[in-house]
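Below is one structure, written out as structure tokens; comments come after it.
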Amino acid sequence: MKVIFDTDPGIDDAMALLYLSKLPEVELLGITTVVGNADIATTTRNALFLRREFGISAPVIRGAGETLDGVAKAEPVLVHGQNGLGDIAIPELDETGLQPGAATQFIIDAVRAHPGEVTIIAVGRMTNLALALRQAPDIAGLTKAVIIMGGAFGYEGRGGNITPLAEANIHGDPVAADEIFAAAWPVTVVGLDVTHDIILDNDYLALLADEAGENGDLLRQMCGHYARFYQQVMGLSGVVGHDLLAVTYALHPEWFTVRRGAIAVVRDGLAVGQTAFWPEERGGVHSAWEGRPGQTICVGVDGPNVLEHFRSIVRRP
Ligand code: BDR
Ligand code: CA
Numbered sequence: 000m001k002v003i004f005d006t007d008p009g010i011d012d013a014m015a016l017l018y019l020s021k022l023p024e025v026e027l028l029g030i031t032t033v034v035g036n037a038d039i040a041t042t043t044r045n046a047l048f049l050r051r052e053f054g055i056s057a058p059v060i061r062g063a064g065e066t067l068d069g070v071a072k073a074e075p076v077l078v079h080g081q082n083g084l085g086d087i088a089i090p091e092l093d094e095t096g097l098q099p100g101a102a103t104q105f106i107i108d109a110v111r112a113h114p115g116e117v118t119i120i121a122v123g124r125m126t127n128l129a130l131a132l133r134q135a136p137d138i139a140g141l142t143k144a145v146i147i148m149g150g151a152f153g154y155e156g157r158g159g160n161i162t163p164l165a166e167a168n169i170h171g172d173p174v175a176a177d178e179i180f181a182a183a184w185p186v187t188v189v190g191l192d193v194t195h196d197i198i199l200d201n202d203y204l205a206l207l208a209d210e211a212g213e214n215g216d217l218l219r220q221m222c223g224h225y226a227r228f229y230q231q232v233m234g235l236s237g238v239v240g241h242d243l244l245a246v247t248y249a250l251h252p253e254w255f256t257v258r259r260g261a262i263a264v265v266r267d268g269l270a271v272g273q274t275a276f277w278p279e280e281r282g283g284v285h286s287a288w289e290g291r292p293g294q295t296i297c298v299g300v301d302g303p304n305v306l307e308h309f310r311s312i313v314r315r316p
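Quick look at the structure:
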């Protein structure tokens, strides 16, 4: 499976990248970065650091530092720390592994070079993808699949995590997300409706770090920060595995319950970033929604199976 991983590392982004790096069935074409959990210089530096730590050969390509809605947002320091990776010590790095050029062009070139073969897994704001689509609309018909972590559709009573209505990746660039959902390519949304079923509790995290060999310390330190956030804010003894679940979907879609229908994003106002869904089986849609293609949202997941699987992959040498 040829994969482009679009990311804003980010602690759960780092877990997802570790997971990807241990999958021989995945040919990682590139890691494209975007502003989100930290500014673009920091998320790109973090991607280069993780690439080195995880022994990844695919290049990192710098992406968008500003979002399409033109609204600057505060960095989620409480969640991911000042440096995006839970304030672990990160050494000075040169730019080894950084491929010149922009993420947008990289995505366009990679998709065109492998028509019908590339899966894009996007676990940050969708700015790079939207810019690529604007520049080269033909890539919609050439991309095998787009799997995004983001959104919340109210299943299991799940609302937003950055406002009562909006999830952070969508709220971070609602314009980009809306364009992604409106395009005629196959998008699957792995949102809070399912990611909150993937709780890596403190015992699990301790085991994971013990078994992860040379990556164990890094996991332990990053997850320590992440777990303190979840403890303070949600009273949770563990962390939510948001981004890693988008990778699981790429491997095991059969573990998910899905629904098909049109998706739109509220672009401004109090509900900005809210994701709305019109199920296919309801038929005729309001004229404002006409022309929106059917996409897929995840509404259920086999959590225990995912957690078992993730651990089995991370402990691989
Ligand atoms: C998403 O927001 C970011 O903080 C995480 O990395 C994840 O992609 C969860 O809402
Ligand atoms: Ca992320």
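Numbering follows numbering that gives the first Met the number 0, in which position 221 of the sequence shown is assigned residue number 220; successive positions increment by one, without gaps. The C-beta atom is built at its ideal place from N, Cα and C for all residues, glycine as well.
Query raised in the report: If we count the other Cβ atoms within 10 Å of its Cβ and call it buried at 16 or more, is Glu24 buried or exposed?
Result: exposed
Requested in this report: Using only alpha-carbon positions, find the residue among Phe48, Gly96, Val110 that is nearest to Leu128.
Outcome: Val110
Query - Within the stretch 168-200, ranges of the beta strand (DSSP E) (whole runs, at least 3 residues) - result: 186-189, 198-200
Requested in this report: Report yes if the C-beta of Gly171 is less than 7 Å from at least one heavy atom of ligand 2; otherwise report no.
Outcome: no
Report task. Could you spell out where the beta strand (DSSP E) holding Thr274 opens and where it closes? Result -> 274-278
Query raised in the report: Below 8 Å between beta carbons: does that hold for Gly151 and Asp192?
Result: Checking the displayed sequence, the identity of residue 151 turns out to be Ala instead of Gly. Yes.
Query raised in the report: Which residues in the same chain have their Cβ closer than 6 Å to the Cβ of Glu279, if we skip the five residues on either side of it in sequence?
Result: Arg259, Gly260, Gly293
Report task. With Thr31 as the anchor, note down where its beta strand (DSSP E) starts and where it stops. Result -> 26-32
Requested in this report: Can you grab the Cα-Cα spacing for the pair Val232 / Trp277, in whole Å?
Outcome: 31 Å
**Report entry** Beta carbon of Ala37 nearer than 8 Å to that of Ile120
**Finding:** no
Query raised in the report: Is any heavy atom in ligand 2 found nearer than 7 Å to the beta carbon of Val2?
Result: no
Query raised in the report: For Ala15, does the three-state DSSP call read helix, strand or coil?
Result: helix
Query raised in the report: Quick one: is the Cβ of Pro75 within less than 7 Å of any heavy atom of ligand 4?
Result: With respect to small molecules bound, the structure shown includes ligand 1 and ligand 2 and not ligand 4.
Query raised in the report: Can Gly9 be considered in contact with ligand 1, in the sense that its beta carbon sits closer than 7 Å to one or more heavy atoms?
Result: yes
**Report entry** Pair within 8 Å by beta-carbon distance, Asn174 and Met148
**Finding:** Before going further, note that residue 174 is Val rather than Asn in the sequence given. No. Outside cutoff.
Query raised in the report: Going by beta carbon distance, what residues of the same chain come within less than 8 Å of Pro316, once the five residues before and after it are set aside?
Result: Gly212
Query raised in the report: In terms of residues, what are the limits of the alpha helix (DSSP H) holding Met233?
Result: 215-233
Query raised in the report: At a cut-off of 7 Å, is Ala167 close to ligand 1 when judged by its beta-carbon and the heavy atoms of the ligand?
Result: yes
Report task. Name the two residues that bound the continuous alpha helix (DSSP H) containing Ile312. Result -> 302-313
Requested in this report: Using three-state DSSP, classify Ala317 as helix, strand or coil.
Outcome: Any property of residue 317 remains undetermined from this structure, which presents the chain solely from 0 to 316.
Report task. Please state whether DSSP places Ala101 in a helix, a strand or coil. Result -> coil
Query - Environment of Thr95 [buried if 16+ CB atoms lie within 10 Å] - result: exposed
Query raised in the report: What residue range is occupied by the uninterrupted alpha helix (DSSP H) comprising Gly140?
Result: 138-141
**Report entry** Nonlocal neighbours in the same chain, by C-beta distance under 7 Å from Arg157, ignoring five residues either side
**Finding:** Ala151, Leu191, Asp192, His195
Query - Helix, strand or coil at Gly159 according to DSSP, with G and I counted as helix - result: coil
Query - Inter-residue spacing [alpha-carbon to alpha-carbon] between Glu210 and Gly282 - result: 49 Å
**Report entry** Residue nearest to Ala182 in terms of C-alpha spacing, selected from Leu141, Met0, Pro163
**Finding:** Leu141
**Report entry** Proximity of Asp172 and Thr103 at Cβ, strictly below 8 Å
**Finding:** no
Requested in this report: With a threshold of 16 other CB atoms inside 10 Å of the CB of Arg133, please say whether the residue is buried or exposed.
Outcome: exposed
Requested in this report: With DSSP as the reference, label Asp242 as helix, strand or coil.
Outcome: helix
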